[in-house]
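Report on the structure given below.
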Amino acid sequence: MLGIVGTVPDSQFPLIHGKVRWVGSHIKIEDRRIAVNRGTPSLMAAALNAFECIRCPEIYAFLIGDTGRGDGSQKLYQFLVQHLPEFDFQVLTFHYLQPDVDWHNKVLFAVETMQRRPILIADAGFMYAAKMSGQSECYDFFTPDVGELAFLADELAPHPFYTRGFILHQNNKVPDLIRRAYQHQNAANYLLVKGQSDYIAHGNRVIKTVDHPSLDAMEAIGGTGDSLTGILTALCGAGFKATDAAVLAARANRWTGYYANPNPATQVSELIDKIPQALSGLLDTEHNEETHGRYQKNTFD
Amino acid sequence: MLGFFKKKKPNSDKKERGVSADLGILVFENTSEVIRAENVLKKAGWCIRVMGPPPEIQTGCDLVIEFPLIEELNILRELNNADVSPLQVVPVTAPLLAPVNLFQTKDFGDYLMVRAANMKITVAKADLKIVNISGGGCPDVPYLAREMVGKPLREALRPKDLGHTLCGYALELAYEELLRKC
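Residue numbers (our numbering), protein chains in the order written: chain A, 1 to 301; chain B, 1001 to 1182.
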């Protein structure tokens, strides 16, 4: 089973957890229907759509309402600390949560007491807290955009809001930022950096870049990073090796843009709809080009 | 917005005395209260600026207000009257982290996007409607997007009124920059 942890932008939304499935154009957990616009619901929807193309375990989500006051996130953190050890996940992805170092550390401790240590992916607010805690290396994947990568590269910044100017100016030098993030132990085992080109890094160096197709409008569309992390979660859960999962996720996410023909006003749900087409197209192409397929399903390295 | 010790009210000489004074910081329970206090103090003409907290009190999503210590009592009175009192008042003993003040603008032809820190906001040039908000990782980002996308730029509720986190604050900076450009 894959686990996804995050929030929805509704202060009245209670803490729920359960299997995630599609019901029409909404996703459903327990008896709650959730609209897919951006944030954690987009991540879950992207993972569900990726499942249409790959054999993958079910998704189990932990969700709560939080509009930025942090109260929902705190309740969810508390629940995770108490109950995570009761669950068994192959992959556990943390997403939009109020960054809080103390709670982050408690949750990470709870993860360490799970029977099987899941592949850990952190994005958004939880990635901020992971970096600030100094425990980035406990994670298998961070999925920052270039601005967030600059924050990871700045050993003093507790949030992207405080990234120092001389580092922000290096936005066009992604490999340098990646090296700096690893140098200060502020990177996960793997980085999937989304941007004009996507970079996959491991062990202090860039191991792959993905830059095709390239659609300018994608930068303006809120939620494209959520969909990328959703696809990555699904591929890791399906047993793809880390590098293969990251490359395939980056390529699939770009092809959703190609098929949706977006402009800067396009909403991310239109892109998420194209994930099955994009992912199946890539998997078919690879299968036809190489007898054994380029992407290997294997244990996580 | 973040101009350091700019004179807000030409006649408020008393409130300008802090320029060369020692500095302190006001620590609040959460970022929402910082934003409220900032609005109160700036409206009243006080010379303050929003900064990052020193490492010993960082929790992950914080702002503090830097102010001239000599005006502590007056400022606390002002905040108390507005029902937004700080948890602590601490002298500044080392340089504080400054918020980003770099903006990047991207012109898509029919659309204009401004980025501040990790937050981006995009409007359609034809009618100045907000068409997308992207970036960020704090939980108010999806909330702000839900409340603001589709609204005219000048009629939408502002991030400083709706937001509660540093991402919300960064979006306010991008929003203000967009207002200046449109």
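Yeah, the Cβ is synthetic: ideal placement off N, Cα and C, and Gly gets one too.
Listed in chain order, the non-local C-beta contacts of A/His184 below 7 Å within the same chain comprise Glu155, local neighbours out to five positions each way being set aside. The continuous beta strand (DSSP E) containing A/Arg32 extends over residues 32-34.
CA-CA distance, B/Glu1029 to A/Lys241, rounds to 43 Å.
The DSSP-derived three-state label of B/Met1119 is strand.
With contacts defined as CB atoms closer than 9 Å, B/Ile1065 and B/Gly1168 fail to qualify as a contacting pair. Closest option to A/Gln115, judged by alpha-carbon separation, among A/Gly134, A/Pro9, A/Glu52, A/Phe89: A/Phe89. Sorting A/Tyr60, A/Tyr128, A/Pro175 by C-alpha distance to the C-alpha of A/Arg205 places A/Pro175 at the top.
Along the region 259-292 of chain A, the alpha helix (DSSP H) occurs as fully enclosed runs of 4 or more residues at 268-272, 275-289, listed in sequence order. The DSSP-derived three-state label of B/Ser1134 is strand. Collapsing the DSSP output to three states places A/Met132 in a helix. DSSP lists A/Trp22, A/Ile34 as the beta-bridge partner residues of A/Ile27. Around the Cβ of A/Ala252, a 10 Å sphere holds 16 or more other Cβ atoms; the residue is buried. Distance from the CA of B/Pro1159 to the CA of A/Ala124, rounded to the nearest whole angstrom, comes to 19 Å.
Setting aside the 5 residues that flank it on each side, B/Leu1026 is surrounded in the same chain by Ala1037, Val1064, Ile1065, Phe1067, Pro1086, Val1089, each with a C-beta closer than 7 Å to its C-beta; the list follows chain order.
If you draw a 10 Å sphere on the C-beta of A/Lys274, you find 16 or more other C-beta atoms in it, and that means buried. The beta-carbon of A/Arg38 is placed less than 9 Å from the nearest beta-carbon of chain B. Neighbourhood of B/Lys1120 in chain A, by CB distance below 7 Å: Ala220, in chain order.
Your pair A/Asp211 and A/Val268 does not check out as a contact, with CB atoms roughly 21 Å apart and the cut at 8 Å. B/Thr1105 is outside the set of residues whose beta carbon lies under 9 Å from a beta carbon in chain A.
Residue state for B/Thr1031 is assigned as helix, using DSSP reduced to three classes. Closer than 9 Å to the CB of A/Thr266 there is at least one CB belonging to chain B.
Here A/Phe166 is exposed: its Cβ has fewer than 16 other Cβ atoms, across all protein chains shown, within 10 Å. Taking all protein chains shown into account, A/Glu137 has fewer than 16 neighbouring C-beta atoms within 10 Å of its C-beta and is therefore exposed.
For A/Asp88, there is no enclosing beta strand (DSSP E), as DSSP marks it with neither H nor E.
When the five nearest sequence neighbours on each side are left out, the beta carbons in the same chain lying within less than 7 Å of the beta carbon of A/Leu248 are those of Leu235, Phe240, Leu282, Tyr295, in order along the chain. Within the region 1138-1156 of chain B, the residues whose Cβ lies closer than 9 Å to any Cβ of chain A are, in chain order, Cys1138, Pro1139, Asp1140, Val1141, Pro1142, Tyr1143, Leu1144, Ala1145, Arg1146, Glu1147, Val1149.
Residue state for A/Asp140 is assigned as coil, using DSSP reduced to three classes.
Only residues of its own chain outside the window of five on either side were considered, and among them Thr7, Val8, Pro9, Asp10, Ser11, Gln12, Phe13, Pro14, Gly72 have a CB closer than 8 Å to the CB of A/Gly65, listed in chain order. Chain-ordered listing is empty here: chain A has no CB closer than 7 Å to the CB of B/Phe1028, the nearest sitting near 13 Å.
DSSP places B/Phe1103 within a strand segment (E or B) once states are collapsed to three.
Residue contact check for A/Val101 against chain B: a CB pair falls below 9 Å. Around the CB of A/His159, 16 or more other CB atoms lie within 10 Å, so the residue is classed as buried. Burial check for B/Glu1033: the Cβ neighbour count within 10 Å reaches 16 or more, so the residue is buried. Within chain B, no residue has its beta carbon less than 9 Å from that of A/Gln196; the closest one is some 11 Å off. Taking the Cβ atoms as the reference, A/Val193 lies roughly 7 Å from A/Val146, within the contact range of under 8 Å.
Distance from the CA atom of A/Gln82 to the CA atom of A/Trp103, rounded to whole angstroms, is 12 Å.
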